[in-house]
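Student: Those letters in the sequence shown? Residues 2 to 499, per this note's numbering, in order.
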Amino acid sequence: MAMSRRTFFRGTLLATAALAAAATGTACSTSSQTKPLGSDEKARPLRIPPLYEGELDGNVRRFELTAQESEFEIVPGMMTKTWGFNGPYQGPTLYMRRGEEIDMTVHNELPEPTVVHWHGLHLPATADGGPALMFNPGESWSPSWTVDQPAATCWYHPHPHEKSAVHAYRGLAGGIVLDDDDSAFPGLPNDYGVDDIPVIITDANFTEDGQLDEDNGWVGSTVMVNGMTKPRFEATTRRVRLRVLNGATMRFHHLSLGKPFHVVATDQGFLDAPVEVDGVLLSSGERVEIVADLEPGKDLMLRSDGLPDLGGMPDKETAEMFGFTDKFDLLEIAAPAEDAPEVPELADSLVPFEVPDADSVEIEREFRLNGVEINGKTMDMTRVDFTVDHKGPEIWHVTNDNDDMAHNFHIHDARFAVIGVENGELEFTTGWHDTITVPPLATVSLLVQMGYYPDPSLAYMYHCHMLNHEDSGMMGQFVIVEPGQEADLDLPAGPGGH
Ligand code: C2O
Ligand code: CU
Ligand code: CU
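(1) What residues in its chain sit with their C-beta under 6 Å from that of residue 235, if we drop five residues either side in the sequence?
(2) For residue 181, which residues of its own chain have a beta-carbon under 7 Å away from its beta-carbon, when the five flanking residues on both sides are left out?
(3) Quick one: grab the DSSP three-state call for residue 361.
(4) Keeping to the same chain, check which residues put their C-beta closer than 6 Å to that of residue 193; ignore five residues upstream and five downstream.
(5) Quickly, what does DSSP pair residue 197 with across the bridge? List them, please.
(6) Let me check understanding here. Comparing Cα to Cα, which of 240, 485, 404, 155 lies closest to residue 455?
(7) Report, in whole angstroms, the separation of the C-beta atoms of residue 108 and residue 158, which I expect to be a contact under 8 Å.
(8) Ordered along the chain, which non-local residues of its own chain (more than five positions away) have a Cβ less than 6 Å from that of residue 408?
(9) If you draw a straight line from the alpha carbon of residue 450 to that of residue 38, how long is it in whole angstroms?
(10) Kindly provide the chain-ordered list of residues whose Cβ lies closer than 6 Å to any non-hydrogen atom of ligand 1.
(11) Of all the options 56, 149, 298, 414, which has the alpha carbon lying nearest to the alpha carbon of residue 105?
(12) Buried or exposed, going by whether 16 or more other CB atoms sit within 10 Å of the CB of residue 309?
(13) Rank 214, 197, 249 by C-alpha distance to the C-alpha of residue 174 and give the top, closest one.
(14) Just the C-alpha distance for residue 479 and residue 396, rounded to the nearest angstrom, thanks.
(15) Short of 6 Å in beta carbon distance, which residues of its chain neighbour residue 476, apart from the five on each side in sequence? Order them along the chain.
(16) Would you identify the three-state DSSP class for residue 115, choosing helix, strand or coil?
(17) Leaving aside the five residues before and after residue 405 along the sequence, list all residues of the same chain whose C-beta is less than 7 Å from its C-beta, in chain order.
(18) Can you tell me whether residue 1 is helix, strand or coil according to DSSP?
(19) Answer yes or no: the CB of residue 472 versus the heavy atoms of ligand 2, is any distance below 8 Å?
(20) Suppose contacts are defined by Cβ-Cβ distances below 9 Å. Is residue 154 in contact with residue 266 by that definition?
(21) Report buried or exposed for residue 492, applying the criterion of at least 16 other Cβ atoms within 10 angstroms of its Cβ.
(22) Suppose contacts are defined by Cβ-Cβ distances below 9 Å. Is residue 123 in contact with residue 432 by that definition?
(23) Any chance you could list the beta strand (DSSP E) runs of at least 3 consecutive residues sitting entirely within the region 229-282, in chain order?
(24) Considering only heavy atoms of ligand 3, does any lie closer than 8 Å to the CB of residue 406?
(25) Would you say the beta carbon of residue 427 comes nearer than 8 Å to a heavy atom of ligand 3?
(26) Could you give the residue range of the beta strand (DSSP E) that holds residue 473?
(27) Would you list, in sequence order, the uninterrupted beta strand (DSSP E) runs of no fewer than 3 residues that lie entirely inside the region 297-343?
(28) With a threshold of 8 Å, establish whether the CB of residue 41 neighbours any heavy atom of ligand 2.
(29) To the nearest whole angstrom, what separates the beta carbons of residue 201 and residue 243, a pair I think is in contact under 8 Å?
(30) Give the range of the beta strand (DSSP E) segment to which residue 158 is assigned.
(31) So, residue 116 versus residue 66, is the Cβ gap smaller than 9 Å?
(32) What are the boundary residues of the beta strand (DSSP E) that residue 127 is part of?
(33) What residue does the alpha helix (DSSP H) around residue 167 start on, and which one ends it?
(34) Ligand 2 and residue 381: does any heavy atom of the ligand fall closer than 8 Å to the residue's C-beta?
(35) Taking Cβ to Cβ, would you say residue 386 is nearer than 9 Å to residue 392?
(36) Looking at C-alpha atoms only, which residue of 228, 251, 199 is the closest neighbour of residue 217?
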């Protein structure tokens, strides 16, 4: 942190140039592979992360996660050193229900301090897993909280100070299925691993000796689903629900299936009704639940087919730097057999989308994204950017001041509705989100509802979820307090401290 702002920013630009080179295959000659690995291989059965339901004791659900070093065959025939939770790479899918108390223990068996954030969950700051809560190798951390939000697909990943990207890149990420009593909709698949399938999209570059390239891997040319290349899912049913998570460090994906499909849920849960689309954009950190009908004899391919209109970038070259023009086959879905039973109609109404009237909201805030700064500042763990001392919603206007840089925006402990997009286009804005694309020069206005757990001593974050923008400082902190109270940060003496 002794780096001057100037060197710091130049470093960022260099990193951008390197990633541009990696993304377009024009790298001058690094040892890193730039052509997708695994794509010539025969498809392998999709790996489904185990569903981990913890241990239920009355109303308390207990989980134990161990972050550990290992190795894994991400690409066939090649062992890669990886990190994982309770396994060699990535982590189990955690299952939780609304109303339950969660009693979580995370053990750190890594060689570095880390912390785990429950992305999309509304919980006390002591459980949120921000950088102030980092803990050392050999130590454990035991947060607890009550699940108090509707069913949704969320995820967990490390959030250590300036190292979230590399910890996630090495494999620390897993899904969370939040369930409730109101979402067993007619015709909606919900048999985990059978017709309700997690699809975690990540990417990497590999060095010649098959290791994750950490110097040149932020827009990886090899794309993985659930930690493997070239997966094939053999459907046994005529309808599947895909819980898609864009777990990439930097990449955005515009997903298609070669035929229209339904979006039933966004980051923070169900839409009021299924929406039929031809494609949907997911920036890094976002989730979407897709329902696709299958016909015997007709296999489908989930593809990333390049961002429409270059994602708002001024020209093709700039779009290429961020991988916005790249196309990938992500997941082959093999059609079910002729005798697969017919499925009932998909419900045409899901969860009512009740957004408070924007005119009744008094507090508005402005966030300007520029380079790796938000409102002219980079992250400082000792600084509180603002304090929220009330329970009601707020309106946040988020502007991307760059015409040639992609950004998105994520808020911890919150959900938001998109109530306006100016100066740019977003194809799909309905539903509750916690992460959203902010196209070049656009302003996206959000009606934000935060979980209200006043605690003056610990902050929540908001940030660009392109993880190396975040690690370069594109993040700020807010503190939630009782009316009239002031923030008083309890700064860590541990590895996250200054
Ligand atoms: Cu998914 Cu602050 O993170
Ligand atoms: Cu988060
Ligand atoms: Cu960004």
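Backbone N, C-alpha and C define an ideal beta-carbon position, used for all residues, glycine too.
Keep in mind the model is a prediction, meaning the values are calculated, not measured.
Tutor: Checking against the coordinates, here is how it stands:
(1) 335
(2) 98, 99, 151, 152
(3) helix
(4) 52
(5) 193, 242
(6) 485
(7) Wrong, their Cβ atoms sit about 16 Å apart, outside the cutoff.
(8) 370, 401, 439, 465
(9) 42 Å
(10) 118, 120, 158, 160, 286, 411, 413, 462, 464, 466
(11) 56
(12) exposed
(13) 249
(14) 15 Å
(15) 380, 462, 464
(16) strand
(17) 314, 315, 319, 441
(18) Residue 1 is absent from the structure shown; the chain starts at 2 and stops at 499.
(19) no
(20) yes
(21) exposed
(22) no
(23) 232-235, 240-247, 254-267
(24) yes
(25) no
(26) Run containing residue 473: none; DSSP gives neither H nor E here.
(27) 301-305, 329-335
(28) no
(29) The Cβ separation is near 11 Å, so there is no contact.
(30) 153-159
(31) no
(32) Taken as a continuous stretch (DSSP letters only), residue 127 belongs to no beta strand (DSSP E), being part of the alpha helix (DSSP H) at 126-129.
(33) 165-170
(34) no
(35) no
(36) 251
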